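Okay, so the sequence shown: first residue is 3 according to the numbering used here, each after it adds one.
Just below is one structure, and these are the notes that go with it.
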Amino acid sequence: MNILIVGPSWVGDMVMAQTLFQCLKQRHPQCEIDVLAPEWSRPILERMPEVRKALSFPLGHGVLELATRRRIGKSLVGQYDQAILLPNSLKSALVPFFADIPKRTGWRGEFRYGLLNDVRALDKDRYPLMIERFMALAYEPGAELPKPYPRPSLQIDPVTREAALAKFGLTLDRPVLALCPGAEFGESKRWPAEHYAQVAEAKIREGWQVWLFGSKNDHSVGEDIRSRLIPGLREESVNLSGDTSLAEAIDLLSCADSVVSNDSGLMHVAAALNRPLVAVYGSTSPGFTPPLADKVEVVRLGIECSPCFDRTCRFGHYNCLRQLMPPSVNEALERLQGTPVEVR
């Protein structure tokens with residue numbers, strides 16, 4: 003049985019999609035799973051043993067280009083028994099339709115009748131978690147999801163990890179605190195740089211080193227954090243934001259003894275690497291997309307106006323994050339410290 007998954011467009015969602023792949027393998031041990039997704043997701047998919055092949059999708063988020071979707075679909079004719087769509091958009095249903103895949107499964111979305119022939123009606127109360135909404139597509143409508151739920155688990159190749167360490171001149175002679183201060187969603191997910199700097203200073207004074215991760219857009223906030231460290235401490239930190247590929251970031255994150263992250267894609271990567279993780283929440287809620295790992299501390303204030311799920315604070319104060327002070331995160335890190343979890 004060959005299954006084509008049309009994957010999501012965000013890092014965190016792609017990590018959580020592994021729960022679906024795990025359920026499919028449990029239900030159909032001999033099935034082969036290929037994932038059609040943006041090229042950036044390849045390093046994530048290559049670290050999921052359930053996935054046979056990552057198929058690069060050349061179109062950007064929100065782009066229609068009907069002819070291109072038709073061409074891709076026609077190139078896949080006869081190769082798959084089922085397609086499962088994780089996005090709810092009409093556009094995401096076009097390639098499986100053009101590929102004439104016999105069973106095309108997905109949640110009822112924007113005008114997809116006819117494009118899908120296994121259309122599910124989503125009961126949000128029954129499936130409050132995103133992973134439940136992914137996992138449910140592996141089973142017949144109305145089926146009970148087996149527990150305990152699987153958790154994302156990215157596999158690391160020691161050879162590529164050593165290559166990344168060598169490339170950036172990093173050593174593991176001291177414990178590593180990884181900081182992930184960015185969030186593509188918007189400012190309302192970003193814990194202030196000055197708070198991150200205080201956490202970094204505390205761990206450096208304990209003998210740790212600090213690595214900062216993120217995209218090119220996060221490089222400036224990484225530099226802001228480092229600039230707040232006094233000389234002598236600043237040299238114990240390195241800003242990797244925008245310098246690593248996603249593959250290198252994943253491999254280097256696997257070396258971390260602890261991670262502090264906003265609610266972001268890298269938060270889910272750290273959880274899938276089973277790193278001890280402090281997840282800082284402001285405008286969003288762990289009730290929908292929590293980090294899934296053994297050693298996690300969620301830190302949030304839960305003030306009256308949160309969670310609002312807005313990209314920018316409608317009141318302009320961002321108090322859900324600004325008033326969440328560094329001692330709360332430091333205490334969470336202390337609770338997590340113990341025997342480091344080894345990546346296998």
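Every residue, glycine too, gets a C-beta built ideally from N, C-alpha and C.
Quick caveat: nothing in here was measured; it's all calculated off a predicted structure.
(request) Could you give the DSSP three-state label for TYR198: helix, strand or coil? (result) Assigned with DSSP and collapsed to three states, TYR198 falls in helix.
(message) So, for VAL79: in the same chain, excluding its five sequence neighbours on each side, which residues have a beta-carbon less than 7 Å away from its beta-carbon?
(response) The residues are ALA101 and ASP102.
(request) Let me know the secondary structure DSSP gives ASN264 once reduced to three states. (result) DSSP places ASN264 in strand when its eight states are reduced to three.
(message) Just verifying my parser: in three-state terms, what is the DSSP assignment at ALA238?
(response) Ala is not the amino acid found at residue 238; the sequence shown has Glu there. In the structure shown, GLU238 sits in a helix (DSSP, three-state: H, G or I).
(request) Tell me, to the nearest whole angstrom, how far the beta carbon of THR21 is from that of PRO154; I am working on the premise that it is less than 8 Å. (result) Their Cβ separation, rounded to whole angstroms, is 6 Å, which keeps THR21 and PRO154 in contact under 8 Å.
(request) Would you mind sorting LEU47 into buried or exposed? The rule is 16 or more other CB atoms within 10 Å of its CB. (result) Its Cβ being crowded by 16 or more others within 10 Å, LEU47 is buried.
(message) Among the candidates ASP36, ASP175, SER263 and ASN4, whose CA atom is the shortest distance from the CA of GLU238?
(response) Taking GLU238 as reference, the option from ASP36, ASP175, SER263 and ASN4 with the minimal CA-CA separation is ASP175.
(request) Measure the Cβ-Cβ separation of VAL201 and VAL331 and say whether it is below 7 Å. (result) In contact: VAL201 and VAL331 (Cβ atoms closer than 7 Å).
(request) Kindly indicate the opening and closing residues of the beta strand (DSSP E) around PRO281. (result) Before going on, a small fix: residue 281 reads as Ala here, not Pro. Segment 279-282, the beta strand (DSSP E) holding ALA281.
(request) Give a yes or no on contact between the segment 222-233 and the segment 138-149, applying the rule of three or more CB pairs nearer than 8 Å. (result) Contact between the segment 222-233 and the segment 138-149 is absent, because fewer than three Cβ pairs lie under 8 Å.
(request) Report yes or no: do the segment 293-307 and the segment 164-172 share at least 3 C-beta pairs separated by less than 8 Å? (result) As far as the Cβ criterion goes, the segment 293-307 does not touch the segment 164-172, which means the pair count is below three.
(message) Quick check on VAL13: buried or exposed, where buried means 16 or more other Cβ atoms within 10 Å of its Cβ?
(response) Its Cβ being crowded by 16 or more others within 10 Å, VAL13 is buried.
(request) Verify whether the separation of the beta carbon atoms of ALA204 and VAL280 is less than 7 Å. (result) The answer is no: Cβ separation not under 7 Å.
(request) Could you say which of LEU294, GLU52, PRO31 and PHE215 lies nearest to MET3 if we only look at CA atoms? (result) For the residues LEU294, GLU52, PRO31 and PHE215, the minimum Cα distance to MET3 belongs to PRO31.
(request) From the DSSP output, read off the bridge partner residues of TRP193. (result) None; TRP193 has no bridge partner.
(request) Within 10 angstroms of the Cβ of GLU250, are there 16 or more other Cβ atoms? Answer buried if so, exposed if not. (result) Answer is buried; the Cβ neighbour count reaches 16.
(request) Taking all protein chains shown into account, decide if ASP15 is buried (16 or more other Cβ within 10 angstroms of its Cβ) or exposed. (result) With 16 or more Cβ atoms within 10 Å of its Cβ, ASP15 is classed as buried.
(message) Let's see if you can read the secondary structure: which residues bound the alpha helix (DSSP H) around LYS27?
(response) Per DSSP, LYS27 is one residue of the alpha helix (DSSP H) stretching across 20-29.
(request) Could you check the C-alpha separation between ALA348 and LEU323 for me, to the nearest Å? (result) Outside the modelled stretch of the chain, which goes from 3 to 346, sits residue 348, for which no answer is possible.
(request) Just grab the DSSP bridge partners of GLN84 for me. (result) In the DSSP output, where bridge partners are listed per residue, GLN84 has ILE5 and LYS105.
(request) Have a look at ALA295, PRO293, SER285 and GLN325 and flag the residue whose alpha-carbon is nearest the alpha-carbon of PHE311. (result) Closest in C-alpha terms to PHE311, from the list ALA295, PRO293, SER285 and GLN325, comes SER285.
(message) Taking the alpha helix (DSSP H) that SER58 belongs to, which residues open and close that run?
(response) Per DSSP, SER58 is not a residue of any alpha helix (DSSP H); the beta strand (DSSP E) it occupies stretches across 53-59.
(message) Does ILE305 come out as helix, strand or coil in the three-state DSSP assignment?
(response) Coil, per DSSP.
(message) Along the chain, where does the alpha helix (DSSP H) containing LEU138 start, and where does it finish?
(response) Looking at the sequence itself, residue 138 is Ala, so the reference to Leu does not match. For ALA138, no alpha helix (DSSP H) segment is defined, and its DSSP state is neither H nor E.
(request) Put ASP226 into one of helix, strand or coil per three-state DSSP. (result) ASP226: helix per DSSP, three-state reduction.
(message) Since THR107 and LEU92 should fall inside the 8 Å C-beta cutoff, what is the C-beta to C-beta distance between them, to a whole number of angstroms?
(response) The pair is not a contact, with the Cβ atoms about 15 Å apart (cut-off 8 Å).
(request) Leaving aside the five residues before and after TYR129 along the sequence, list all residues of the same chain whose C-beta is less than 7 Å from its C-beta, in chain order. (result) Within the same chain, TYR129 has close Cβ partners ARG135 and ALA138.
(message) With distance defined between alpha-carbon atoms, name the residue in ILE5, SER11, LEU167 and ILE7 nearest to GLY267.
(response) Here the closest residue by C-alpha is SER11.
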